[in-house]
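Student: Protein sequence lines, in the order shown, are assigned to chains A and B. Numbering that gives the first Met the number 0 applies: residue 0 is where the first sequence begins, and numbers increase by one. Numbering that gives the first Met the number 0 applies: residue 0 is where the second sequence begins, and numbers increase by one.
There are 2 protein chains.
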Amino acid sequence: MSVTVSTLPNGLRVATDTMKTVETVSLGMWVGVGTRHEREAENGVSHLLEHMAFKGTERRTAGDIAREIEAVGGFLNAYTAREVTAYYAKVLKDDAALAVDILADILTGSVFDAEELERERTVILQEIGQAQDFPEDVAFDLFQETAFPAQAMGRSILGRPEVVRSLPREAVAGWMSERYRAPAMVLAAAGHIEHETLRGLAERHFAGLPDTPAPVPEAARYAGGEARENRDIEQTHLVLGFEGPSFIEAGFYPAQVFSTLYGGGMSSRLFQEVREKRGLVYAIYSFASSAADTGLVGVYAGTAQESAEEVLAIVRGELEDLAGSGPDEDELARARAQLRASLLMARESTSSRCEQLAQQLLVHNRPIPPEELTERVEAVSAAEVMDIAARYAGARPSLVVLGP
Amino acid sequence: MSVTVSTLPNGLRVATDTMKTVETVSLGMWVGVGTRHEREAENGVSHLLEHMAFKGTERRTAGDIAREIEAVGGFLNAYTAREVTAYYAKVLKDDAALAVDILADILTGSVFDAEELERERTVILQEIGQAQDFPEDVAFDLFQETAFPAQAMGRSILGRPEVVRSLPREAVAGWMSERYRAPAMVLAAAGHIEHETLRGLAERHFAGLPDTPAPVPEAARYAGGEARENRDIEQTHLVLGFEGPSFIEAGFYPAQVFSTLYGGGMSSRLFQEVREKRGLVYAIYSFASSAADTGLVGVYAGTAQESAEEVLAIVRGELEDLAGSGPDEDELARARAQLRASLLMARESTSSRCEQLAQQLLVHNRPIPPEELTERVEAVSAAEVMDIAARYAGARPSLVVLGP
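Dropping the structure here:
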């Protein structure tokens, strides 16, 4: 196996997946802090901080950061999620040290200039406006809130506009200085790089990160319910689902197989029944997303207003059929083959391998060998898939309807 | 070089980019026929045909097609563009023959069942509805129409709803039987496959394709102008641009460099001025897209209604500055480095390499070695970039404004 992991004295994990056949390196810092660590009055601080990290350090202006990475043809980016904030780069193999230097600078030397902060607030308000103009995003945010009402797990990653407008500079800077702690962080790389190289860079740049334990968010409390929002748009956007397994529950792999055969590809039940046999949608798909202590399993569909009831009836009907008869052998084998091949295909991308390695360390505290992932998928039985379907068929789904 | 090209007696090009270090193959048929070959009364036929190709053959039902490819964990997909329609798959290396067999079946044995056609019309009407709910897509479609009014080049790829609703079955089937001709098609593959293997499969499956020359669409006539559309949405979406070089003009590479330094990355002029210095947008970027005999170079931005004039003024001001002083050496070097690294990074993906190879054969009738692409980018001078800016700064732009 090409993966090596070591830990600095402060608890920072350093992980590499060495691939000698490529000319590039994907690398980044994955931080186990995100939206679900936020109190309501600070909803959006993780994402605002992620933006502000690019706005200047003691050594570099915001412009310098952008120019230095692009001068070597590299990319630098970041994202905020509910449980993680990631800062990552992709560069040619000789530029890995520069990329780590820039990441270290923004993660340990950011100045959070007050004028930059005021401007960045307006950028994020535009980002929120853009998301508001994309109904699928709006429907999923509403679904998250419906599933996990009145708690951090249900709140928007981009944050509430009032918070984005008014959060004090100290709260933004403090989010990094207080919450970004070495034991909750993973510096990962995949591509043309040796472990010792990255380890050396980590020792030079990240030895000073605090060694206090990672912050633990409040437990998620799935409640579920229904939400309808009226909008003057072409399609009616539906999200329907249930509480699913966390990353670490035994049900994780069965839920992946269930989701794949229920609505995961062209040959899945929902694609065949709703799109191919009835022509009611262009897009329909199932999802099974997990977090540390909970998850969501469900279906998205975009359809005509007058077809919404029919789509929902088929979504429920196929669930009941799976609950009653289970998957047949062919469809189970197909779902396993799809998941297996996806894993293998993702291994050809340095950025997929880097992110997967970092997430495995944050969630499971170890890298999971590809063979183990494949074995877990292979081991999922028809009975397990049937059980999932039976549990959901007997439950009341959470439902979002967004449209005219 | 890992690329081999050969030609069947009927004129079909067979091209492989062999990569022994990967476990997968991306392959597909790129057909030099698309929206710009359509008369107004048949606008949408290319795209409707692309959908119908998956709806059953003499040997396979629509469900069989989906199940067979997914049973081996493969993906099968297609897209329609203005000058090309592509049908492609990604599979594990041992399944290349199956993927070609399925592609051949849908490209030579489709039955265009009347009932399937009626259902697929409604799927595409939903796809049009979904695109209508995505303002950036709507703005770009309107920009294309404004740039190339009253001609095939300006029309929507998804087609007019009236046409999608009513186009006769014979017109759909005829679009394939009459227009999909071997000299206008490329069967390409990148990944773990030998040229002789693909060549053998091509001889078995595609020797019967007609050898008549490729259809030639009417020449594009750029006119330009302005279009404004009122919508009750959060942001104002702006697209502004000019006629650009075709794929084969000398100006192609200078336009790529111009677009990169004008608005192509975080360090570009527009990102720095509009987002970083003024916070007026979340998304702003430039583009330089080419076709056989024309192209478009321009800028997209999503902003607040009250900021639209200011954004447009900066877009124009930076253009005038580039026209007056040209790019400085650093920014020119940075743009070249970004393009060079992008080319190298794209080479790590079998799907990128497959598509690039096919497009090069359709456009240039030869594969272009990566070193040649890099040299062309390196050869672009400050004077050439300045000339482009000067030409556009002195011209009246095409402009689309979509928003409240």
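C-beta atoms are modelled at their ideal positions from N, C-alpha and C, and glycine is treated no differently. Bear in mind that the values here come from a model prediction, so they are computed numbers and not experimental data.
#1: Using a Cβ-Cβ cutoff of 9 Å, what residues of the region 266–281 of chain A are near chain B? List them in chain order.
#2: Quick one: which residues of the region 104–133 of chain A get their C-beta closer than 9 Å to a C-beta of chain B? List them in chain order.
#3: Considering only residues of the region 189–270 of chain B, which uninterrupted beta strand (DSSP E) runs meet the minimum length of 3 residues and lie entirely inside it, listed in chain order?
#4: Determine whether the beta carbon atoms of V99/B and L186/B lie at a separation below 9 Å.
#5: Round the Cβ separation of A340/B and L97/A to the nearest angstrom and send it over; I've been treating them as touching at under 8 Å.
#6: Assuming the contact rule is C-beta atoms closer than 8 Å, A388/B and V238/B should be a hit. Round their C-beta distance to whole Å, please.
#7: Tell me which same chain residues have a C-beta within less than 7 Å of the C-beta of D94/A, skipping the five on either side of it?
#8: Just the chain A side, please: which residues come within less than 8 Å of A332/B by C-beta, in chain order?
#9: Mind listing which residues of the region 23–34 of chain B have their C-beta closer than 7 Å to chain A's C-betas, in chain order?
#10: How long is the line joining the alpha carbons of F133/B and L7/B, rounded to whole angstroms?
#11: From L361/A to A312/A, what does the alpha carbon distance come to, in whole angstroms?
#12: Leaving out five residues before and five after G402/A in sequence, what residues of the same chain have Cβ atoms less than 7 Å from its Cβ?
#13: Where V21/A and H191/A are concerned, what is the direct C-alpha to C-alpha distance, given to the nearest angstrom?
#14: Going by DSSP, which residues form a beta bridge with W29/B?
#15: Pick out whichever of K19/B, V400/B, T23/B has its Cα sitting closest to the Cα of E228/B.
#16: Taking just the CA atoms, how far does G263/B sit from R375/B?
#17: Determine, using beta carbons only, whether M51/A comes closer than 9 Å to chain B.
#18: Kindly indicate if chain B contains any beta-carbon less than 9 Å away from that of L200/A.
#19: Quick one: give me the first and last residue of the beta strand (DSSP E) that Y281/A is part of.
#20: Among the candidates R120/B, R168/B, A222/B, A77/B, whose CA atom is the shortest distance from the CA of G294/B?
#21: Assign N42/A to one of two classes, buried (16 or more other C-beta atoms within 10 Å of its C-beta) or exposed (fewer than that).
#22: On a CA-only basis, which of T17/A, L116/A, A218/A is nearest L48/A? Give me that one, please.
#23: Under 9 Å, Cβ to Cβ, is there at least one residue of chain B near Q337/A?
#24: Do A151/B and G240/B come within 9 Å of each other at the CB atom, strictly closer than that value?
#25: Return the chain-ordered list of same chain residues with a C-beta closer than 7 Å to the C-beta of F111/B, the five sequence neighbours on each side being excluded.
#26: Could you say which of A322/A, G323/A, Q337/A lies nearest to D329/A if we only look at CA atoms?
#27: Determine the closest residue to R12/B out of M385/B, V32/B, T259/B, F205/B, with distance taken between C-alpha atoms.
#28: So, is P326/A buried or exposed, given that buried needs 16 or more other C-beta atoms within 10 angstroms?
#29: Does DSSP put V273/B in a helix, in a strand, or in coil?
#30: Between which two residues does the beta strand (DSSP E) carrying Y78/B extend?
#31: Given a threshold of 16 other Cβ atoms within 10 Å of its Cβ, counted over all protein chains shown, does S165/B qualify as buried or as exposed?
#32: Find the nearest neighbour of G128/B within the set A282/A, E126/A, A130/A, judged by alpha-carbon distance.
#33: Going by beta-carbon coordinates alone, are R315/B and E69/A separated by less than 9 Å?
#34: At a Cβ threshold of 9 Å, is E377/A touching chain B?
#35: Is any beta-carbon of chain A found at less than 9 Å from that of G321/B?
#36: Is it right to say P366/B is buried, meaning 16 or more other beta carbons lie within 10 angstroms of its own, or is it exposed?
Tutor: In short:
#1: Cβ contacts with chain B come from S266, S267, F270, Q271, R274, E275, K276, R277, G278, L279, V280, Y281.
#2: E115, E117, R118, E119, R120, T121, V122, I123, L124, Q125, E126, I127, G128, Q129, A130, Q131, D132, F133
#3: 225–229, 235–243
#4: As a position in the second sequence, residue 99/B is number 100, starting the count at 1. As a position in the second sequence, residue 186/B is number 187, starting the count at 1. Taking 9 Å as the Cβ cut-off, V99/B and L186/B qualify as a contacting pair.
#5: Walking along the second sequence from the start, residue 340/B turns up at place 341. Walking along the first sequence from the start, residue 97/A turns up at place 98. Not really, about 13 Å apart at Cβ, beyond 8 Å.
#6: Your numbering for residue 388/B matches position 389 in the second sequence. Your numbering for residue 238/B matches position 239 in the second sequence. The C-beta distance from A388/B to V238/B rounds to 19 Å, too long to fall under 8 Å, and the pair is not in contact.
#7: Numbered from 1 along the first sequence, position 95 holds the residue referred to as residue 94/A. Within the same chain, D94/A has close Cβ partners V71, G73.
#8: Here residue 332/B corresponds to residue number 333 of the second sequence, with the count starting at 1. For A332/B, the chain A residues whose Cβ falls inside 8 Å of its Cβ are A70, in order along the chain.
#9: Taking 7 Å as the Cβ-Cβ cut-off, the region 23–34 of chain B approaches chain A at T23, given in chain order.
#10: Here residue 133/B refers to the residue found at position 134 of the second sequence. Here residue 7/B refers to the residue found at position 8 of the second sequence. Computed Cα separation, rounded: 43 Å.
#11: Working through the first sequence from its first residue, we reach residue 361/A at position 362. Working through the first sequence from its first residue, we reach residue 312/A at position 313. Rounded to the nearest angstrom, the two C-alpha atoms are 39 Å apart.
#12: Within the first sequence, numbered from 1, the residue matching residue 402/A stands at position 403. So the list reads R230, I232, Q234, T235, H236, Q304, once near-sequence residues are dropped.
#13: Within the first sequence, residue 21/A is the residue found at index 22, counting from 1. Within the first sequence, residue 191/A is the residue found at index 192, counting from 1. Looking at the two C-alpha atoms, the distance is approximately 6 Å.
#14: Locating residue 29/B in the second sequence gives position 30, where the first residue counts as 1. In DSSP, W29/B forms a bridge with A85/B, V185/B.
#15: Along the second sequence, read from residue 1 onward, the residue named residue 228/B stands at position 229. Looking at the Cα atoms, V400/B is the closest of the given residues.
#16: The residue you call residue 375/B lines up with position 376 of the second sequence. The residue you call residue 263/B lines up with position 264 of the second sequence. Those two C-alpha atoms are separated by around 18 Å.
#17: Position 52 of the first sequence, counting from 1, holds the residue named residue 51/A. No, M51/A does not count as interfacial toward chain B.
#18: Position 201 of the first sequence, counted from the start, is the residue given in the question as residue 200/A. Not an interface residue.
#19: Your numbering for residue 281/A matches position 282 in the first sequence. Start and end: 280–289.
#20: Reading the second sequence from its first residue, position 295 is the one you call residue 294/B. When C-alpha distances from G294/B are compared across R120/B, R168/B, A222/B, A77/B, the shortest belongs to A222/B.
#21: Sequence index remark: in the first sequence, residue 42/A carries index 43 (1-based). Label assigned to N42/A: buried.
#22: Against the first sequence, residue 48/A aligns to sequence position 49. Minimum Cα distance to L48/A is reached at L116/A.
#23: The residue given as residue 337/A occupies position 338 in the first sequence. Interface residue, yes.
#24: If you number the second sequence from 1, residue 240/B lands on position 241. If you number the second sequence from 1, residue 151/B lands on position 152. Cβ atoms of G240/B and A151/B: not closer than 9 Å.
#25: Residue numbering aside, residue 111/B sits at position 112 when the second sequence is read from its first letter. Once the five neighbours on either side are set aside, the close Cβ partners of F111/B are M51, R168, V171, A172.
#26: Taking the first residue of the first sequence as position 1, residue 329/A is located at position 330. Here the closest residue by C-alpha is Q337/A.
#27: Translated into the one-based positions of the second sequence, residue 12/B becomes position 13. Proximity to R12/B across M385/B, V32/B, T259/B, F205/B peaks at F205/B, based on C-alpha coordinates.
#28: Within the first sequence, residue 326/A is the residue found at index 327, counting from 1. Per the 10 Å Cβ criterion, buried.
#29: On the second sequence, residue 273/B is found 274 positions in, with the first residue counted as 1. Looking at V273/B - three-state DSSP - the assignment turns out to be helix.
#30: Sequence index remark: in the second sequence, residue 78/B carries index 79 (1-based). From DSSP, the beta strand (DSSP E) with Y78/B extends over 74–79.
#31: Against the second sequence, residue 165/B aligns to sequence position 166. Exposed, because fewer than 16 other Cβ atoms sit within 10 Å of the Cβ of S165/B.
#32: Here the question's residue 128/B lines up with position 129 in the second sequence. That would be A282/A, whose Cα lies nearest to the Cα of G128/B.
#33: For the purposes of this step, residue 315/B is taken as the residue at position 316 of the second sequence. For the purposes of this step, residue 69/A is taken as the residue at position 70 of the first sequence. Result no, Cβ atoms of R315/B and E69/A do not sit closer than 9 Å.
#34: Translated into positions along the first sequence, residue 377/A becomes position 378. No, because no Cβ of chain B sits closer than 9 Å to the Cβ of E377/A.
#35: Along the second sequence, read from residue 1 onward, the residue named residue 321/B stands at position 322. Note on residue identity: the sequence assigns Leu, not Gly, to residue 321/B. L321/B does not count as touching chain A.
#36: In the second sequence, the residue the question calls residue 366/B occupies position 367. Buried, since its Cβ has 16 or more Cβ neighbours within 10 Å.
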